[in-house]
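A short write-up of the structure that comes next.
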Amino acid sequence: FPSHDKEANKAIRALVEYGHEVVAIGLRESEVGDIKIVQGFPPLSEIDTVTLYMNATNQKDYIEYIINLKPKRIIFNPGTWNEDLADLADKAGIEVDADCTLVMLATDSY
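Structure representation (structure tokens):
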């Protein structure tokens, strides 16, 4: 990940360290440890949490995809809040958190 994605890189590593299964989707293909960052909209099911590190502008193409994944919750990390996505998620019964994944993991509130 480029330097502006350092928090996403740290979050991927921390999620793996805490024993969570991670599927990483990004604007560019890359790798973080053993996790491949894939582009596009891979078919996924039984998603517990989507944790966002893309800003609202970059989320536009992903809004429908994220809602259709039917995750239990979406975490908007600092700098990623998107009112449109949050409203759609709320209407779809998806929990919305404006929080920091790294802090949540470190404080056992993930």
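Quick note: to get the numbering used here, add 134 to the position in the sequence shown (first position is 1). Note that beta-carbon positions come from the ideal geometry of N, C-alpha and C, so glycine has one too. Since this is a predicted model, take the numbers as computed values, not measurements.
TODO: Give, in chain order, every unbroken run of the beta strand (DSSP E) that is at least 3 residues long and sits entirely within the segment 187–221.
DONE: 207–210
Task: Rounded C-alpha distance that separates Ala145 from Thr214 - done: 14 Å
Task: Assigned exposure category for Ala226 - 16 Cβ within 10 Å defines buried - done: exposed
TODO: Tell me whether Ala142 sits in a helix, a strand or coil according to DSSP, three-state version.
DONE: helix
Open item on the list: By the DSSP assignment, the alpha helix (DSSP H) with Val237 in it spans what residues?
Closed with: 235–240
Task: Classification of Pro205 by the beta-carbon crowding that lies within 10 angstroms, buried from 16 upward - done: buried
TODO: From the DSSP output, in three-state form, read off Glu151 for me.
DONE: helix
Task: Opposing strand residues paired with Val230 [DSSP bridges] - done: Ile208
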